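Below is one structure; the comments refer to it alone.
2 protein chains.
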Amino acid sequence: MTRKPVLLGRPPLLRKTNAELLLRLLRESGPCSKADLVRASGLSAPSVTNVVATLISTGLVETVGEGDSTGGRPPDILRFKAEHGCVAGVEITRDALRFLLTDLNGRELSQSESHIEKSKSTPLQICQQIAKHLWKLLRQKGLLQKQLLRVTVGVPAIVNVDEGTVLAFTALREWNRVPLSLLLTRQLKCPVLIDNDTNLAAQGEFYCGAARRESDFVFITIGEGVGAGVFLNGRIYRGSQWSAGEIGYLRVPQISREHPSIHKYGKLETALSASGILKSWRASKQATTGPRALRVSDVWDQAASGNAVARRLLRQRATLLADVILDLALILNPNLILLGGEVGNHPALLRELNALLAGSEFAVSRVALGALGVPAALWGAISISLEPTVLRLLHAHRRG
Amino acid sequence: MTRKPVLLGRPPLLRKTNAELLLRLLRESGPCSKADLVRASGLSAPSVTNVVATLISTGLVETVGEGDSTGGRPPDILRFKAEHGCVAGVEITRDALRFLLTDLNGRELSQSESHIEKSKSTPLQICQQIAKHLWKLLRQKGLLQKQLLRVTVGVPAIVNVDEGTVLAFTALREWNRVPLSLLLTRQLKCPVLIDNDTNLAAQGEFYCGAARRESDFVFITIGEGVGAGVFLNGRIYRGSQWSAGEIGYLRVPQISREHPSIHKYGKLETALSASGILKSWRASKQATTGPRALRVSDVWDQAASGNAVARRLLRQRATLLADVILDLALILNPNLILLGGEVGNHPALLRELNALLAGSEFAVSRVALGALGVPAALWGAISISLEPTVLRLLHAHRRG
DNA sequence: AAACTTAGTTAATAATCATTAGAATGTTGG
DNA sequence: CCAACATTCTAATGATTATTAACTAAGTTT
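Chains A and B supply the protein sequences, listed in that same order.
Residues 6 to 405 in the numbering used here are what the first sequence lists, from first letter to last.
Residues 6 to 405 in the numbering used here are what the second sequence lists, from first letter to last.
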C-alpha cells in the first residue's frame with residue numbers, strides 16, 4: 006500500500022495550494038516571468054522560485070528564453086506547456102458524432118463530424134467508432150495515444166454523471182442504463198466523463214459564449230426536443246436524480262396535463278418542436294404558393310419579413326416560450342436566459358419574446374441568443390475537462 | 006494600518022485549518038478527550054495538544070475534568086463552551102415579531118412573541134421594538150448585551166442579503182429599500198443579517214426539521230401568500246436579484262397570465278390563499294348549515310372526513326399545487342418538496358397531491374410536510390448564524 | 001505487585017514560507 | 001565608456017507548524 010494521501014493541515018498543503026495558484030495564474034495570464042508571478046500571487050520571490058522549480062519538474066511549465074528588459078536584468082519567461090497533452094469533447098446525436106480536440110489551454114486542434122450508420126448504432130459500436138475517430142485525429146495532429154488525457158461526452162439523455170451511465174434516451178430504448186463512461190474508459194485508456202448535452206451546451210456558453218462571467222443562467226435549447234441547462238453558482242446544476250432542466254413536460258397555460266414519461270416527448274416539447282412548426286407551415290402554405298421553407302429558421306425569417314402565416318406560428322410559439330421563461334425566472338431568478346437550437350436561436354423569436362415579457366416588476370431575466378451554435382456542447386465538454394486534467398497532472402507528478 | 010491579513014499558502018493557514026477542524030469536531034460530537042480528537046481528525050497527538058491550547062486560550066473551549074478510564078490513564082474531557090455567547094433569530098410578520106434565543110450550540114434559551122402596534126409600525130419603530138425585546142430576553146437569561154453575538158432577521162419580502170436591505174414588501178410600501186440590517190446593527194451593536202422568511206424556513210427544515218441531510222429540496226409555504234425556499238447544493242439559493250422562489254406569479258394551467266408586480270398578490274397566490282379558501286367555504290356553507298370552520302385546516306379536516314364541499318375545494322387547490330410541484334420537479338429535480346403554511350401543511354392536502362402526482366417516470370420528488378411549523382424560519386435564522394459567529398470568535402481571538 | 005493500556009507531553013526533525021543579503025545582468029546618464 | 005541604478009533571481013537564515021520517537025502520568029488487569 007502507498008502512504009495515505011491525507012492532506013489536511015499538514016505542511017505539504019501549502020505547497021499544493023501555492024503550486025495550484027501559480028499554475029492557474031500562468032494559465033490565465035499567459036507567459037510571464039517569475040517576478041510577474043511574485044506580484045500577481047503575493048508570495049515571496051524565493052517561494053515562487055521554489056514552486057516554479059517543482060512545476061518545471063512536472064513538465065507542465067517551461068522557460069522560453071529571456072524577455073525584454075524594463076531597465077534591469079531581463080526576465081526569464083515562463084509558460085504553461087499546453088501541448089503537453091490534449092483533451093477531447095464528443096457529442097452523440099441521433100445520427101452523428103461530433104468531435105473537438107484541444108490542447109490544455111483549450112485551444113482548438115481539430116473539429117470534425119462522423120456519420121452514424123444505422124446498422125452500427127449499438128452502444129458498443131458507437132464507442133468503437135468514437136475511439137477509432139479519436140485515434141485518427143490524434144495521429145493527424147502528431148500526438149501519442151497516451152497524450153489524450155481526458156474525454157467528455159455529451160449525450161441527449163438523462164445521465165448519471167457520477168456512475169457514468171445513460172439513464173434515459175428519449176428516442177433510443179437500447180441505451181437504457183448503459184455504462185457508457187466505463188465502456189469508453191476501457192477503450193480510450195483515459196478518464197471519460199459523460200453528461201447531458203444541454204448541460205454541456207450551457208457550460209460551453211459560460212466558457213466562451215454568451216454567458217461568460219454569468220454565475221446564474223439557464224440555457225434553453227429547442228429543436229426536435231426541448232431542454233434546459235441550469236447553471237447556478239458558477240456550475241451546472243444537475244438535480245438529485247440527474248434530471249434538472251428536463252422541461253419538456255412543463256405544465257404551463259395551454260398545455261394539457263400529462264405525466265413525465267421516459268420514452269416519448271412531452272406535450273410542451275411537441276408543441277415547440279421543429280417538425281411541428283414545419284408541418285403547420287407546409288399545411289398552410291399548400292394553399293398560398295409562397296416561398297419554400299426547409300428549416301424553421303426559414304419560417305422565422307419569413308415572419309420577420311411580414312408573412313402573416315409565419316407571424317402567427319411565431320407568435321404562438323413565443324407565447325408558450327414566454328410562459329416557460331417567466332416560470333424559470335420566478336423560480337430561479339437567473340441573470341440571463343439563453344436560447345439555442347434550430348427553433349430557439351433566432352432574432353425574430355427573441356424580439357417577440359422580449360415584447361411578451363416586458364412589464365414585469367421583478368423576476369426579470371435578460372433573454373438572449375446563444376453565441377456558439379452547434380458546437381456549444383463540445384466547448385462545454387472541453388471546459389469541464391481542462392481543470393481536473395491539469396490538477397491531476399500536477400499532483401500525479403508531485404507524488405511520483 | 007494593521008498588517009495585511011493575507012493568508013494564502015503561508016504557514017498560519019495550517020493552524021487556521023486545523024483549529025477550525027478541531028473546533029468543528031468538538032461542536033458536532035460533543036465533549037470528548039484530546040485522544041478522541043486525534044482519532045477523529047487524523048492529526049498527530051502533539052498537534053492536537055498544541056491547537057487545543059490555543060482554542061482554550063480563546064475561551065471557546067474548556068476542560069471539564071476527567072472522564073472514565075478504558076483500561077489506562079483517564080482522559081481530560083474537553084468541551085465547546087456554548088454559553089460563551091448567544092445568537093438570536095427574529096421573524097417580522099405583518100402583525101407580530103417572533104424571537105428565538107439560543108446558545109452557540111443552537112440550544113434554545115427562550116422563545117417568545119411580541120405584538121406589533123399598528124401605530125408603531127414604521128421600520129425604525131420596529132427596530133427599536135426588536136432591540137428592546139432582545140435586551141429584555143438577555144436580561145432574563147442573565148446574559149450581557151455584548152454576549153449577543155449575531156442576529157438574523159426573517160422578513161416576508163424580497164431581500165438583498167448582501168446589502169441588508171428590504172427590496173419589496175408585498176403588503177407594506179413603506180418598507181421599500183429600507184436598510185434594515187444597518188439600522189439593527191446600530192441598535193444591537195452586533196452583526197445583523199436579514200433574509201427572506203421563506204428562505205429561512207427552508208434553512209430551518211434543513212437544520213432540524215424534515216429536510217435534514219437533504220442537499221436539494223424546495224420548501225413551499227402557502228398561507229395568505231405563496232412562496233418557495235429553494236435549497237440547492239446544501240444551501241439557500243437566492244437568485245441573482247434575490248427573488249428566486251417567488252412563485253406567486255407562476256404560469257400554470259388554469260391561471261391567467263399577468264406580469265409580476267411588487268405590491269400585489271399574483272393570480273396563483275390569490276387562488277391558493279387562505280382567505281380565498283375560507284371565503285368559498287363560507288359562501289357555500291351558508292346554505293347547508295354544517296360545522297363551523299375558522300381556519301383552513303378546519304376545512305381540510307372536513308374534506309378528510311368526507312364533506313363534499315370541502316373535498317371540492319381541496320381537490321381544486323391540490324390540482325393547482327400539483328402543477329406547481331411538477332414544474333419545480335422538472336426544472337430543479339430536488340429530492341424533496343416540503344409543504345408549509347396554514348394552507349400547505351396538512352395531511353389531507355398531501356394525500357391528494359400524492360394521488361395527483363403518481364405516474365411520473367422521472368422528475369419524481371418525495372412530497373412531505375414541514376416538521377417545524379411556525380418557528381421554522383426562526384430555526385433557520387439560528388442555523389445560519391451559528392457557523393460564522395463561531396469562526397469569527399475563533400479568528401478574532403487568534404489575532405488579538 | 002508487575003505488566004499492560006491509554007492519555008498526554010517533551011524533544012528532535014522535517015516541510016514550508018518569509019526576510020535579508022547579494023549575485024546576475026541589464027539600462028541610463030555624465 | 002563607465003559608474004550608478006534598476007530589475008530579476010538565488011542563497012542563507014529564521015519563523016511557523018507539522019510529525020515522529022521517546023517519555024511521563026495514571027489508571028486497569030493478572
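Ideal placement from N, C-alpha and C gives every residue a C-beta, glycine not left out.
Predicted, not measured: the structure shown is a model, and the values here were computed from it.
Item	Value
Using a threshold of 8 Å, state whether the C-beta atoms of residue 208(B) and residue 388(B) are closer than that.	yes
CB-CB under 8 Å to residue 373(B), same chain, minus the five flanking residues each way: which ones, in chain order?	215, 341, 342, 343, 344 and 355
Mind checking if residue 199(A) is an interface residue toward chain B, Cβ cutoff 8 Å exclusive?	no
Could you have a look at residue 215(A) and say whether DSSP puts it in helix, strand or coil?	coil
Take the Cβ of residue 357(A) as the centre, count every other Cβ of all protein chains shown within 10 Å, and call the residue buried at 16 or more, exposed below.	buried
Residue 204(B): which of 219(B), 196(B), 310(B) and 223(B) sits nearest, CA to CA?	223(B)
Would residue 342(B) count as contacting chain A if we go by Cβ distances under 8 Å?	no
From this set, 47(A), 251(A) and 273(A), which residue's C-alpha is nearest residue 323(A)'s C-alpha?	273(A)
Any C-beta of chain A sitting closer than 8 Å to the C-beta of residue 134(B)?	no
Helix, strand or coil: which one does DSSP assign to residue 282(A)?	helix
Tell me which residue opens and which closes the alpha helix (DSSP H) that residue 190(B) is part of.	185–193
Could you give the DSSP three-state label for residue 94(B): helix, strand or coil?	strand
Put residue 2(A) into one of helix, strand or coil per three-state DSSP.	Residue 2(A) is absent from the model: chain A starts at 6 and stops at 405.
List the residues of chain A that residue 255(B) touches, going by C-beta distances under 7 Å, in chain order.	332 and 335
Any Cβ of chain B within less than 8 Å of the Cβ of residue 72(A)?	no
Taking DSSP's pairing of strands, which residues face residue 37(B) in a bridge?	83(B)
For chain A, check one thing: does any of its Cβ atoms lie closer than 8 Å to the Cβ of residue 365(B)?	yes
Residue 160(B) and residue 247(B) - do their beta-carbons sit closer together than 8 Å?	no
If distances are taken between C-alpha atoms only, which option among 377(A), 244(A), 383(A) and 85(A) comes closest to residue 202(A)?	383(A)
Rounded to the nearest angstrom, what separates residue 338(B) and residue 88(B) at their Cα positions?	40 Å
Taking 8 Å as the threshold (beta carbon to beta carbon), is residue 127(A) in contact with chain B?	no
Does residue 170(A) pass the burial test, meaning 16 or more other C-beta atoms within 10 Å, or should it be called exposed?	buried
When the cut-off is 8 Å and only beta carbons count, does residue 392(B) lie next to chain A?	no
Classify residue 309(A) as helix, strand or coil using the three-state DSSP reduction.	helix
According to DSSP, is residue 75(B) part of a helix, a strand, or is it coil?	coil
Over the uninterrupted beta strand (DSSP E) stretch that includes residue 127(A), give me the two end residues.	Note, residue 127(A): premise wrong, no beta strand (DSSP E); not H, not E.
Here's the rule: buried if 16 or more other CB atoms are within 10 angstroms of the residue's CB, otherwise exposed. What is residue 328(A)?	buried
Closer than 7 Å, Cβ to any Cβ of chain B: which residues of the region 164–198 of chain A, in chain order?	173
Among 265(B), 146(B) and 185(B), whose alpha-carbon lies nearest the alpha-carbon of residue 250(B)?	265(B)
For a minimum of 3 consecutive residues, which ranges assigned as the beta strand (DSSP E) are wholly contained in the region 116–165 of chain B?	153–160 and 162–165
Output yes if chain A places a C-beta closer than 8 Å to the C-beta of residue 241(B); else output no.	no
Which partner residues does residue 101(B) have in the DSSP bridge list?	120(B)
Which residues in chain A sit within 9 Å of residue 22(B), going by Cβ to Cβ distance?	13, 14 and 18
I'd like to know whether the C-beta of residue 10(A) is nearer than 8 Å to at least one C-beta of chain B.	At residue 10(A), the pLDDT of 45 sits below 50, so the modelled position is not reliable and the matter cannot be decided from this model.
Does chain B have any CB closer than 8 Å to the CB of residue 88(A)?	no
I need the boundaries of the beta strand (DSSP E) containing residue 345(B), first residue and last residue.	341–345
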